[in-house]
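Heads up: the sequence shown at position 67 corresponds to 66 in numbering that gives the first Met the number 0, and the numbers run straight through without jumps. Heads up, the beta-carbon is just placed ideally off N, CA and C, and yes, glycines get one too. Please read the structure below before turning to the comments.
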Amino acid sequence: MKIGMRLISVSTILLSLFFIGCASYKPVQLPKILNDTNLSLPNRPEKWWEGFDDRELNSLLNEAITKNFDLLAAKSRISQAKETLAKINSSLYPSVDLSLSGSHSKESFENGTFVSNDISGSLQASYEVDLFGRLDALSKAGFHDYNRQKFDYETVYIALSSNLVTNWYDLAYSYESEKILKERIELARKEVALLKQRYERQRAKLVDFLSQQSSLKQMESDLEAVKYQKELYKNTLSALLGKSPLEFNLNTIPSLPEKMPKQIGSVSSEVLLKRPDIQAALESLKAQDRRVAATVSAQYPRFSISASVRQSDITLNNIFENWSSSIVASLLAPIYDAGSREADVKIATNKRRELIFNLKKLLVEAAVEVANAIKSIETKQKSYQIAKQQLLIAEKKEQSYRMHYLHGTEDFKRYLDAKLALKLAKDREVRSRLELIKAYISFYRATASGWN
Numbered sequence: 000m001k002i003g004m005r006l007i008s009v010s011t012i013l014l015s016l017f018f019i020g021c022a023s024y025k026p027v028q029l030p031k032i033l034n035d036t037n038l039s040l041p042n043r044p045e046k047w048w049e050g051f052d053d054r055e056l057n058s059l060l061n062e063a064i065t066k067n068f069d070l071l072a073a074k075s076r077i078s079q080a081k082e083t084l085a086k087i088n089s090s091l092y093p094s095v096d097l098s099l100s101g102s103h104s105k106e107s108f109e110n111g112t113f114v115s116n117d118i119s120g121s122l123q124a125s126y127e128v129d130l131f132g133r134l135d136a137l138s139k140a141g142f143h144d145y146n147r148q149k150f151d152y153e154t155v156y157i158a159l160s161s162n163l164v165t166n167w168y169d170l171a172y173s174y175e176s177e178k179i180l181k182e183r184i185e186l187a188r189k190e191v192a193l194l195k196q197r198y199e200r201q202r203a204k205l206v207d208f209l210s211q212q213s214s215l216k217q218m219e220s221d222l223e224a225v226k227y228q229k230e231l232y233k234n235t236l237s238a239l240l241g242k243s244p245l246e247f248n249l250n251t252i253p254s255l256p257e258k259m260p261k262q263i264g265s266v267s268s269e270v271l272l273k274r275p276d277i278q279a280a281l282e283s284l285k286a287q288d289r290r291v292a293a294t295v296s297a298q299y300p301r302f303s304i305s306a307s308v309r310q311s312d313i314t315l316n317n318i319f320e321n322w323s324s325s326i327v328a329s330l331l332a333p334i335y336d337a338g339s340r341e342a343d344v345k346i347a348t349n350k351r352r353e354l355i356f357n358l359k360k361l362l363v364e365a366a367v368e369v370a371n372a373i374k375s376i377e378t379k380q381k382s383y384q385i386a387k388q389q390l391l392i393a394e395k396k397e398q399s400y401r402m403h404y405l406h407g408t409e410d411f412k413r414y415l416d417a418k419l420a421l422k423l424a425k426d427r428e429v430r431s432r433l434e435l436i437k438a439y440i441s442f443y444r445a446t447a448s449g450w451n
């Protein structure tokens, strides 16, 4: 009977503390995080780059999502924030500790040897009553930190996708540029040979021959620079995919798309608020606001309850005998700390003010980025249309010179000059197309329109 009464009293003390803690606070519910290859986020990514209709690019982006180190590190930070929040929430519940200790001693006397064994155990529970919401404020701050890490992940994703698409089309341009330069070099060599013949026949000046040779050498130098740049783009792509340059192989040679994304219309100001970097800054501000509340609450008294049950000299015969139990309530009220807690409040408040200014600055910068991106698209579209018209004129001019040359009414050198002008017009058209593509990429990055 005594054993049963003691167990009931001990259980009552511990369970009462536990239920007090559970009833006083309901923690925020966290969304589930899936495995590393499929992270569940409030904003699912839209594959805006599919507007360029490039299968190889789509494949590279799908691979980068699972292998990019920056993205994997961002996922890891989300998991860390989740566990940090779980740790913070644990302070809102009672803590229970069980301790067991045993000792063995042996002493020798003239009359013999004295041997003693002692086993003791205790069960302790403690709980801080959140009178002024300090622990609740810290918990909510941790939840906003968790949300911020998710938005940071989205920011990294947008940066990754835009950087990869930009490097992919820079690589495509380098292939196009290399091809055009080789054709120009071939034409320049023919013109050098023609001028040499004319010079030997005293029908051309030496300075013209030397000038054409110099132009040819400059083209050959430009070709080496393009080859070098092409390797740099490949290495950058391999790094974005989490691979070494030796592991990176292209299935197809990239090319600049003829098809462009949909026309850009007006942009609502709400688009800026959906940017993940702005949402992350807003979550940081919310977290700091909760920390300000926590520092203010730390100036007020704290109330805690603790209970314990102990037994010494435990044996198999008296395992439930001679237990002692206690329950203690304590109130800690700050009286004087030389302004330490007040300074904490001022520091937290000024930190919140700093985050407000950072958020305002970010909003202004985002608005400028979107405005610049829209203006860039308008300008690059006009430049691209002009470059296409110039290319069409150069093609007609080259065809005219070719027909006249075949009929013997035009000089071969002028025909070569027309072909060279056609290659230069083609290079301008390709570069204008690349600049227009980059303008679209900048717009997608500035508006974060790759997200719902």
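In the three-state reduction of the DSSP assignment, residue 403 falls in the helix class. The beta carbon of residue 295 is closer than 7 Å to those of 344 in its chain, skipping five residues each way along the sequence.
Contact between residue 250 and residue 55 holds: their C-beta atoms lie close to 6 Å from each other, under 8 Å. Within 10 angstroms of the beta-carbon of residue 176 lie 16 or more other beta-carbons, which makes it buried. Boundaries of the beta strand (DSSP E) around residue 306: 301-310. The residues 340, in chain order, have a CB closer than 6 Å to that of residue 298 in the same chain once the five nearest residues on each side in sequence are set aside. Listed in chain order, the alpha helix (DSSP H) runs fully inside the segment 371-397 amount to none, counting runs of at least 4 residues.
Nearest Cα to residue 426 within the set 300, 103 and 180: 180. Nearest neighbour of residue 393 by Cα position, chosen from 408, 224 and 414, turns out to be 414. Beta-carbon to beta-carbon, residue 356 and residue 130 are separated by about 33 Å, too far to satisfy the 8 Å threshold. In this structure, the alpha-carbon of residue 232 lies about 7 Å from that of residue 169.
DSSP places residue 141 within a helical segment (H, G or I) once states are collapsed to three. The residue from 93, 183, 381 and 112 with its alpha-carbon nearest to that of residue 422 is 183. In the structure shown, residue 247 adopts coil according to DSSP, grouped into three states. Within the same chain, 147 and 354 come within 7 Å of residue 283 by CB-CB distance, once the 5 residues on both sides are set aside.
Taking a 10 Å sphere around the C-beta of residue 51, we find 16 or more other C-beta atoms and assign the residue as buried. Only exposed fits residue 112, as fewer than 16 other CB atoms lie within 10 angstroms of its CB. Look at residue 50 here: in three-state DSSP terms it is helix. In the three-state scheme derived from DSSP, where H, G and I count as helix and E and B as strand, residue 112 is classed as strand.
If you look at residue 209, you'll find it in the alpha helix (DSSP H) that goes 205-239.
Leaving aside the five residues that flank residue 437 on each side, the residues in its chain whose CB is nearer than 7 Å to its CB run, in chain order, 165.
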